[in-house]
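Input: a single structure, listed below in structure tokens.
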Amino acid sequence: MESAGVTSSVTAVLLNFRGYDTLLEVAVLLLASIGCLTLREAHQSGSSRPAGEPGGRVLDGMIHLVIPVMLLVAGYLLWAGEHAPGGAFQAGAVLGATGFLLLLGNKMHFREAPAWLLRFALSTGLIVFLLVAGGVIVSGRNLLEYPVSHAGKLIVLVEAAISISIGLILITLFAANPPSAYSPWIDQAARSEAGVETRPK
Amino acid sequence: MTQATLYALTGVMLFVMGLRAFLLYAHLLRKILAFNIMGSGIFLLLVGIAGRVPNAAPDPVPHALVLTGIVVSVSFTAFGLVLLRRIYAKTGKTQLTDRMEHTNTE
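Protein chains in written order, with my numbering: chain A, 95 to 295; chain B, 109 to 214.
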């Protein structure tokens with residue numbers, strides 16, 4: 095445990111002793127997200143609701159109140175992961191939930207974001223993790239064998255990158271399965287189709 | 109019966125229930141739900157195993173595995189749902205049918 099760089103045992107297992115599990119898991123998430131985005135683009139096109147159209151008074155009010163708190167909680171969880179239960183996945187989940195709220199309130203518009211930015215942000219976690227994991231090879235160690243003196247910093251760096259990616263990946267997974275009433279990606283005609291889809295046979 | 113055994117037995121029960129539903133129902137949404145229940149059973153089993161030594165700190169390795177597993181099951185579910193919607197849009201059916209039509213998956 096002394097060589098882990100963090101004092102929380104679960105974080106130490108996740109990112110140090112069994113780091114390759116987490117590395118591959120981030121890759122699985124990225125693959126699922128790419129799969130969902132590809133299938134979504136193949137059969138749904140058209141404009142979303144116009145930007146800025148409110149999602150309802152209650153929802154808008156709640157978003158204004160809750161979002162800053164949620165971002166704060168996500169940051170805290172990320173920081174707490176070093177010495178207590180918490181960490182990248184929990185922080186990513188809270189970030190994802192923040193994104194769901196923004197999507198439901200029609201305040202987030204993926205299609206207006208440049209595609210390269212979305213792709214880059216989705217893969218940041220995996221890229222940073224791979225760089226760190228591969229970087230230690232250069233200094234003559236095994237894959238994912240962090241130097242003891244820097245392990246804590248490296249783990250926090252990897253966790254920060256992963257939590258951003260996980261949050262965004264969860265949002266894209268959700269946005270690829272839009273409930274028909276809120277669909278941020280489906281235009282009116284496709285939405286009536288989706289209405290037929292959700293009705294039981 | 110210790111608390112850990114109770115967790116583990118409940119987990120096994122959930123897994124079996126999920127497996128039964130997974131095999132018996134042809135509707136793909138039911139299969140996805142059943143798969144999630146099987147996964148929850150496994151998570152519960154692992155959490156139970158982590159606390160197998162009474163009055164000691166729980167083993168962190170199963171906890172880390174469960175954390176990994178939850179994330180993977182979320183992504184699996186989302187991808188499965190996208191595929192299900194796509195299958196429904198293409199064929200109008202919510203279950204897989206044999207192309208040769210000798211047997212239904214029902």
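Quick reminder that beta carbons are idealized off the backbone N, C-alpha and C, glycines included.
Treat the numbers as computed from the prediction; the structure is a model and nothing was measured.
- Identification of chain B residues near S233/A by a Cβ-Cβ cut-off of 7 Å yields none; the smallest Cβ-Cβ distance measures about 26 Å.
- Within the stretch 207-238 of chain A, the runs of alpha helix (DSSP H) that reach at least 4 residues and sit entirely inside it are, in chain order, 209-232.
- Note on geometry: alpha-carbon atoms of L251/A and V242/A lie some 15 Å from one another.
- Around the beta carbon of A165/B, fewer than 16 other beta carbons sit within 10 angstroms, so the residue counts as exposed.
- Remark: C-beta atoms of T202/B and Y196/B approach each other more closely than 8 Å.
- The DSSP-derived three-state label of D167/B is coil.
- Taking 8 Å as the CB threshold, T176/B lines the interface with chain A.
- Listed by position along chain B, the residues whose Cβ is nearer than 8 Å to that of D154/A form an empty set, because the closest Cβ is around 26 Å away.
- Here E176/A has V100, T101, S102, T105, G246, I249, V250 as same chain residues with Cβ atoms under 8 Å from its own Cβ, once five neighbours each way along the sequence are excluded.
- Using a Cβ distance threshold of 8 Å, A207/A and S257/A do not count as a contacting pair.
- Cβ contact annotation for L108/A (same chain, cutoff 6 Å, sequence separation greater than five): T116, in chain order.
- Cβ-Cβ distances below 7 Å link M125/B to I145 in the same chain, with the five nearest sequence neighbours on each side left out; the list follows chain order.
- Residue-level contact check: G129/A touches chain B, since one or more beta carbons of chain B fall below 8 Å from its beta carbon.
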